[in-house]
Every structure is written in C-alpha cells, then in structure tokens.
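Down below is the structure, laid out as structure tokens.
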Amino acid sequence: MAETAGVFVAVQATQERGLGTALSDDVIWTKVQARWLDNDADMFSKVRLQIQEGRLLLTGVVQKASARVTAVRLAWEVDGVKQVIDEIKVAEAPDLGQAIQDQWVAQELRNKMLLDIKIRSVNYSVEAVEGTIYLMGIAQDNAELQRVIDHARDISYVRRVTSYVRIKGEPPPPLPAQTEPAQTEPVPIQSPPGDSVPATPHAPAGAASTS
-14 MAETAGVFVA VQATQERGLG TALSDDVIWT KVQARWLDND ADMFSKVRLQ IQEGRLLLTG
46 VVQKASARVT AVRLAWEVDG VKQVIDEIKV AEAPDLGQAI QDQWVAQELR NKMLLDIKIR
106 SVNYSVEAVE GTIYLMGIAQ DNAELQRVID HARDISYVRR VTSYVRIKGE PPPPLPAQTE
166 PAQTEPVPIQ SPPGDSVPAT PHAPAGAAST S
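Okay, so the sequence shown: first residue is -14 according to the numbering used here, each after it adds one.
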C-alpha cells in the first residue's frame, strides 16, 4: 500500500500542474463525484469528469436536460472550482456496443501517447463519448498538442477531437461561441464547446471506404 501511494505521488509530482495543484484537483474530483452520487445515482453513472487546474470538463450522455443542469450546478458548488465546461449531451442512451467502442478509442489514444517519446502523456486526460474524443491537460507546445490530435484522428471510429488543452506558459484557450443546436428544454447553465477538430473518417473493419 505504501509503495502504491509513493508511485501515485511521484506521478503527480511529474505533471506540469505541480504536486499541490494535482492533489487539489483530486480532492475536487472526489467531492464532485460524491455530490453526483448522493443526488442521482443514474446521473452519476452517465456523466464523466475531467479536471485540470480547477477547470472541470463534463461529458457523457443523459436523457433529461434537467440532469445536465443539475450536474453542472453541483459541480460549481464545490470549493476550488474555477470553471465548468459543459459538454454533456441530452439524447437517448448509447447502446452497449457504442460504450465499449468509446472505451477502446480512449485507451487506444492513451497507448499511442504513452509510446510517443515526443509527448509527455502524464499531462493529458482523455475521454471518448459517441466517437468524440475530449482532451484536457497541459501541452509543452503547439507541436506536441498537434501530435496528440493527429494520433486521435488516426484512430478508427473517431468522428471529432475536442481539445481543452492549455499550452505551457499560456492561459487556457478562450471558449468559442456555442455551435450546438438549441435544447428542447432551456439549459441555463452551460459552457460552449472547445476547439473541435473533425476527425478523418475511418471505415469499420471489413467495410468498404466511402472516401
């Protein structure tokens, strides 16, 4: 147990955000998750959370706009939260095949980053939702971030790459105007999407390419 804790702290200490900020982010992540679970176990199971320097990125698919609003509101209630970026989709629940595919896509990108000596993978977090990859973290420079995006675009089934990655030494990128269609129910608390890069389409194995 002590060895495991030591490895965890060592990994946190190597991140660009620093040990103190990494530990603070972990505390915030735990508190937000606890609030979600206490409020609605179904919402807790469907909303995913990434955090970097007090900036929260919420993704996933819920079936009611009210659940989306509640998830964002509860996240803001935790001390230390500086920004909540809402990328939660209101739609029918994805089937099991899509969920497994998203898990595979996210892990495939993590593996590619880990094997690329020009990328400090420890500084990134990755999630995939319905074929969209969401990135958070701190890039050493624009070239490193582009390598990450290129790796993501090269993975089968990836439709889009959305990055909220900050370049080292620079402030977080500004959020562009909302481009998603309006919800059928009002959603008073939300943030617009980040820099989205359409992915090069890949035909599923065994299927003919349409390009």
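For each residue, glycine too, the CB sits at the ideal point set by N, CA and C.
Model, not experiment: these values are computed from the prediction.
Considering only residues of the segment 35 to 94, which uninterrupted beta strand (DSSP E) runs meet the minimum length of 3 residues and lie entirely inside it, listed in chain order? Listed in chain order, the complete beta strand (DSSP E) runs (minimum 3 residues) inside the segment 35 to 94 are 40 to 47 and 68 to 71.
Between the segment 96 to 104 and the segment 30 to 46, do at least 3 Cβ pairs fall closer than 8 angstroms? The segment 96 to 104 and the segment 30 to 46 do not touch, with fewer than 3 CB-CB distances between them shorter than 8 angstroms.
Just how far apart, CA to CA, sit Ala137 and Ala19? Locating residue 137 in the sequence shown gives position 152, counting from the first residue. Locating residue 19 in the sequence shown gives position 34, counting from the first residue. Here the C-alpha atom of Ala137 lies approximately 31 angstroms from the C-alpha atom of Ala19.
Burial state of Asn96, where buried means 16 or more other Cβ atoms lie within 10 Å: Start at 1 with the first residue of the sequence shown, and residue 96 comes out as number 111. Exposed, since its Cβ has fewer than 16 Cβ neighbours within 10 Å.
Three or more beta-carbon pairs under 8 angstroms between the segment 75 to 90 and the segment 103 to 122, yes or no? Using a Cβ-Cβ distance cut-off of 8 angstroms, the segment 75 to 90 and the segment 103 to 122 are in contact, since at least three pairs of beta carbons, one from each stretch, lie closer than that value.
Which of the three DSSP states, helix, strand or coil, is assigned to Ser148? Residue 148 sits at position 163 when you count from the first residue of the sequence shown. Strand at Ser148.
Taking one C-beta from the segment 10 to 19 and one from the segment 119 to 127 each time, how about it: are there three or more such pairs within less than 8 angstroms? Using a C-beta cut-off of 8 angstroms, the segment 10 to 19 makes no contact with the segment 119 to 127, since fewer than three inter-stretch Cβ pairs fall below that distance.
Leaving aside the five residues before and after Leu130 along the sequence, list all residues of the same chain whose C-beta is less than 6 angstroms from its C-beta, in chain order. What you label residue 130 is simply residue 145 of the sequence shown in a count that begins at 1. Residues of the same chain with a CB within less than 6 angstroms of the CB of Leu130, apart from the 5 flanking positions on each side, are Ala124 and Val150 in chain order.
Presumed contact (8 angstroms Cβ cut-off) between Glu72 and Ile140, rounded CB distance: As a position in the sequence shown, residue 72 is number 87, starting the count at 1. As a position in the sequence shown, residue 140 is number 155, starting the count at 1. With a Cβ gap of about 19 angstroms, Glu72 and Ile140 do not count as contacting.
Distance, Cα to Cα, Lys49 vs Arg132? In the sequence shown, counting from the first residue as 1, residue 49 sits at position 64. In the sequence shown, counting from the first residue as 1, residue 132 sits at position 147. Roughly 36 angstroms between the two C-alpha positions.
Reference Tyr142, options Pro156, Ser148 and Gln88, closest by Cα: In the sequence shown, residue 142 corresponds to position 157, counting from 1. The shortest C-alpha separation from Tyr142 is found at Gln88.
Could you check which residue in Asp10, Leu22 and Asp126 has the C-alpha nearest to that of Leu41? Your numbering for residue 41 matches position 56 in the sequence shown. The shortest C-alpha separation from Leu41 is found at Asp10.
Pick out whichever of Glu38, Val111, Val69 and Gly154 has its Cα sitting closest to the Cα of Ala7. As a first step, residue 7 must be located in the sequence shown, where it is residue number 22. Of the listed residues, the one whose Cα sits closest to Ala7 is Glu38.
From Lys67, Val63 and Asp27, residue whose alpha carbon lies closest to that of Arg53: One-based indexing of the sequence shown puts residue 53 at position 68. If we check each option's Cα against that of Arg53, Asp27 comes out closest.
Contact set for Ala91: own chain, Cβ-Cβ below 8 angstroms, skip 5 residues either direction: To locate residue 91, count along the sequence shown from 1; it is residue 106. Val111, Glu112, Ala113 and Ile118.
What does a CB cutoff of less than 6 angstroms around Val63 pick up in its chain, not counting 5 residues either side in sequence? Here residue 63 is taken as the residue at index 78 of the sequence shown, counted from 1. Excluding its 5 nearest sequence neighbours in each direction, Val63 has C-beta neighbours in its own chain below 6 angstroms: Ile13, Lys16 and Val17, listed in chain order.
Excluding the 5 residues preceding and the 5 following Gly65 in the sequence, name in chain order all residues of the same chain whose CB lies nearer than 8 angstroms to its CB. The sequence position of residue 65 within the sequence shown is 80, counting from 1. The answer, listed in chain order, is Ser9, Val12, Ile13 and Gly39.
What's the call for Asn273, buried or exposed, on a 16-neighbour Cβ count within 10 Å? In the structure displayed, the chain extends from -14 to 196; residue 273 sits before or after that span and is not available.
According to the neighbour-count rule (16 or more other Cβ atoms, all chains shown, within 10 Å of its Cβ), is Lys67 buried or exposed? Start at 1 with the first residue of the sequence shown, and residue 67 comes out as number 82. Taking a 10 Å sphere around the C-beta of Lys67, we find fewer than 16 other C-beta atoms and assign the residue as exposed.
Does DSSP put Ile123 in a helix, a strand or coil? Here residue 123 refers to the residue found at position 138 of the sequence shown. DSSP places Ile123 in strand when its eight states are reduced to three.
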